[in-house]
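S.K.:
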Amino acid sequence: MKTNQMKRVLITLDYDPTAQKVAESGFAMAKAMGSEVTLLHVMVSPVMYASAYANMGAWQIDTIDTAEGMEIIQTGSHNLLEKAKKHLGDKTIKTIQKEGDTAEMILQTASEMNADCIVMGSHSQKWLENIIMGSVTEEVLRKSTVPLFIVPTKKKD
Amino acid sequence: MKRKEKILIALDFHPSATKVIEAGFLMAKKMDAQVILLHVKVKYINYSLVYKKIGSMKLESLADLDFAAHSFLEKSKQHIEDGMIETIVKEGDFAESILKTSNEMDVDMIVMGSLSTKWLEEIVMGRVTNEVLQQTSIPILIIPTRKHDKRNTLISLEVK
Chain A
340 MKTNQMKRVL ITLDYDPTAQ KVAESGFAMA KAMGSEVTLL HVMVSPVMYA
390 SAYANMGAWQ IDTIDTAEGM EIIQTGSHNL LEKAKKHLGD KTIKTIQKEG
440 DTAEMILQTA SEMNADCIVM GSHSQKWLEN IIMGSVTEEV LRKSTVPLFI
490 VPTKKKD
Chain B
5 MKRKEKILIA LDFHPSATKV IEAGFLMAKK MDAQVILLHV KVKYINYSLV
55 YKKIGSMKLE SLADLDFAAH SFLEKSKQHI EDGMIETIVK EGDFAESILK
105 TSNEMDVDMI VMGSLSTKWL EEIVMGRVTN EVLQQTSIPI LIIPTRKHDK
155 RNTLISLEVK
């Protein structure tokens, strides 16, 4: 029996509290498949962050000033990825930060790194759905040419 | 003893069914999981609604589907003997049958093709109010099965 391996798995994370579950499930699957793991966080513009996470309390951006806001976001994004990496306890994990449209960046990164599977949460950006045009998960689902591993992330989890 | 993990593979129609089965089977093999093949028989009218966009979905495709599943199972006989593969046929609503079976069988992962995702979008986005759908907490692996895919043989499994 001969198989083509799933060599590279791209796990996409956001600031939602469920990101940990997405990271854990995706990582477990990747390990079972013997895959290399890359964690991705896509940063959107400060204005969107401000409106999206306004209700979250902890993640509060007072300034809409783009340069300053972006700096905060970059640091936050970096911390998120490093924290996730530490939590998973695997030093071989790669991390990537991108800026731009979430779905587009996910697909672009997957293509750049020649990923064999994309992992993401199902809740995906309910706020984004309202703010922009459609769910990120839905868009990736529609355009992806590689398998997508969707981790259910409901509020009660 | 650790409980053996279970993977439910929801069968699409021909020709993508084979691809979905293969991907799911590879995953199951790596995870040393038990495979449950689910074939949901949908009424003709439902099929034509769901697959309207892809053109000529004919009733005979059901036979193709059976054939795809059957031939794969033939190739994987040793695993059937191992009790690694279980097949289930249900009739009714696609989404509901998959989720109901998943819950009943306590599966750890659902594998399916992307052409069946019209209803999946609904699950993912939480638009479906059905209680069964609300309660699912099982990861889903979606295999792209569109015709234009360049890497449509991404995961291939050859049984010799």
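If you read the sequences in order, they're chains A and B.
According to this note's numbering, the stretch in the first sequence is residues 340 to 496, in order.
According to this note's numbering, the stretch in the second sequence is residues 5 to 164, in order.
Built from N, CA and C at the ideal position, the CB exists for glycine as well.
Predicted model, so just to flag it, every value in this text is computed and none were measured.
Would you kindly report the start and end of the unbroken alpha helix (DSSP H) that includes A:Lys437?
M.R.: By 1-based counting over the first sequence, the position of residue 437 of chain A is 98. Careful: A:Lys437 lies outside any alpha helix (DSSP H), inside the beta strand (DSSP E) at Lys433 to Glu438.
S.K.: Per DSSP, what are the beta-bridge partners of A:His380 in this structure?
M.R.: Indexing the first sequence from 1 puts residue 380 of chain A at position 41. The partner list for A:His380 (beta bridge, DSSP) reads A:Leu352 and A:Gln436.
S.K.: Around the C-beta of B:Asp112, are 16 or more other C-beta atoms found within 10 angstroms, so that it is buried, or is it exposed?
M.R.: Counting from one through the second sequence, the residue named residue 112 of chain B turns up at place 108. The residue in question, B:Asp112, is buried, as its Cβ has 16 or more Cβ neighbours within 10 Å.
S.K.: Report the residues of the region 411-436 of chain A with a CB closer than 9 Å to any CB of chain B, ordered along the chain.
M.R.: Those residues of the region 411-436 of chain A that come within reach of chain B (Cβ to Cβ, closer than 9 Å) do not exist; the list is empty.
S.K.: In whole angstroms, what separates the C-alpha of B:Leu145 from that of A:Phe488?
M.R.: Within the second sequence, numbered from 1, the residue matching residue 145 of chain B stands at position 141. Within the first sequence, numbered from 1, the residue matching residue 488 of chain A stands at position 149. Going from the Cα of B:Leu145 to the Cα of A:Phe488 covers about 4 Å.
S.K.: Measuring CB to CB, does B:Met116 end up less than 7 Å from B:Ile40?
M.R.: In the second sequence, the residue the question calls residue 116 of chain B occupies position 112. In the second sequence, the residue the question calls residue 40 of chain B occupies position 36. Taking 7 Å as the Cβ cut-off, B:Met116 and B:Ile40 do not qualify as a contacting pair.
S.K.: Using only alpha-carbon positions, find the residue among B:Glu90, B:Asp36 and B:Lys8 that is nearest to B:Leu15.
M.R.: In the second sequence, residue 15 of chain B corresponds to position 11, counting from 1. Comparing Cα-Cα distances from B:Leu15 to each of B:Glu90, B:Asp36 and B:Lys8, the minimum goes to B:Glu90.
S.K.: Can you give me the Cβ contacts of A:Glu438 inside the same chain, cut-off strictly under 6 Å, excluding the 5 residues immediately before and after it?
M.R.: Position 99 of the first sequence, counting from 1, holds the residue named residue 438 of chain A. Excluding sequence neighbours, A:Glu438 sits near Met382.
S.K.: Measuring straight from C-alpha to C-alpha, what distance separates B:Lys10 and A:Ser483?
M.R.: For this step, residue 10 of chain B is matched to residue 6 along the second sequence. For this step, residue 483 of chain A is matched to residue 144 along the first sequence. Roughly 26 Å separates the two Cα atoms.
S.K.: Should A:Lys433 and A:Thr377 be called a contact, given that it needs their Cβ atoms to be closer than 7 Å?
M.R.: Counting from one through the first sequence, the residue named residue 433 of chain A turns up at place 94. Counting from one through the first sequence, the residue named residue 377 of chain A turns up at place 38. Yes, they are a contact pair.
S.K.: If you reduce the DSSP assignment to three classes, tell me which class B:Val115 lands in.
M.R.: Within the second sequence, the letter at position 111 stands for residue 115 of chain B. In the structure shown, B:Val115 sits in a strand (DSSP, three-state: E or B).
S.K.: So who's on the other strand from A:Val490, going by DSSP bridges?
M.R.: For the purposes of this step, residue 490 of chain A is taken as residue 151 along the first sequence, with counting starting at 1. A:Val490 pairs with A:Gly460.
S.K.: For A:Gln413, I'd like the list of residues in its chain whose CB is within less than 8 Å of its CB, leaving aside the five on either flank, ordered along the chain.
M.R.: Against the first sequence, residue 413 of chain A aligns to sequence position 74. The residues are Met382 and Gln436.
S.K.: Going along the chain, which residues of its own chain have a beta-carbon closer than 7 Å to the beta-carbon of B:Ser106, five neighbours each way excluded?
M.R.: By 1-based counting over the second sequence, the position of residue 106 of chain B is 102. Here the set comprises Leu12, Ile114, Thr140 and Ile142.
S.K.: Determine the DSSP secondary structure at B:Asn25, reduced to helix, strand or coil.
M.R.: By 1-based counting over the second sequence, the position of residue 25 of chain B is 21. In the sequence as presented, Asn is not what sits at residue 25 of chain B; that position holds Ile. B:Ile25: helix per DSSP, three-state reduction.
S.K.: Quick check on DSSP: helix, strand or coil for B:Leu15?
M.R.: Counting from one through the second sequence, the residue named residue 15 of chain B turns up at place 11. In the structure shown, B:Leu15 sits in coil (DSSP, three-state: anything other than H, G, I, E or B).
S.K.: Which residues in chain A have a C-beta closer than 9 Å to the C-beta of B:Ser106? List them in chain order.
M.R.: Within the second sequence, numbered from 1, the residue matching residue 106 of chain B stands at position 102. None at all; the shortest Cβ gap to chain A is about 11 Å.
S.K.: Here's a check: name, in chain order, each residue in its chain whose Cβ is nearer than 7 Å to the Cβ of A:Pro486, leaving out the five neighbours to either side.
M.R.: Along the first sequence, read from residue 1 onward, the residue named residue 486 of chain A stands at position 147. Around A:Pro486: Cys456.
S.K.: In or out: A:Lys430 buried (at least 16 other Cβ within 10 Å) or exposed?
M.R.: Here the question's residue 430 of chain A lines up with position 91 in the first sequence. When all chains shown are included, A:Lys430 counts as exposed.
S.K.: So with Cβ pairs under 7 Å, would you call B:Lys10 a contact of chain A?
M.R.: To locate residue 10 of chain B, count along the second sequence from 1; it is residue 6. Not an interface residue.
S.K.: Does B:Glu9 come out as helix, strand or coil in the three-state DSSP assignment?
M.R.: Taking the first residue of the second sequence as 1, we reach residue 9 of chain B at position 5. Three-state result, B:Glu9: coil.
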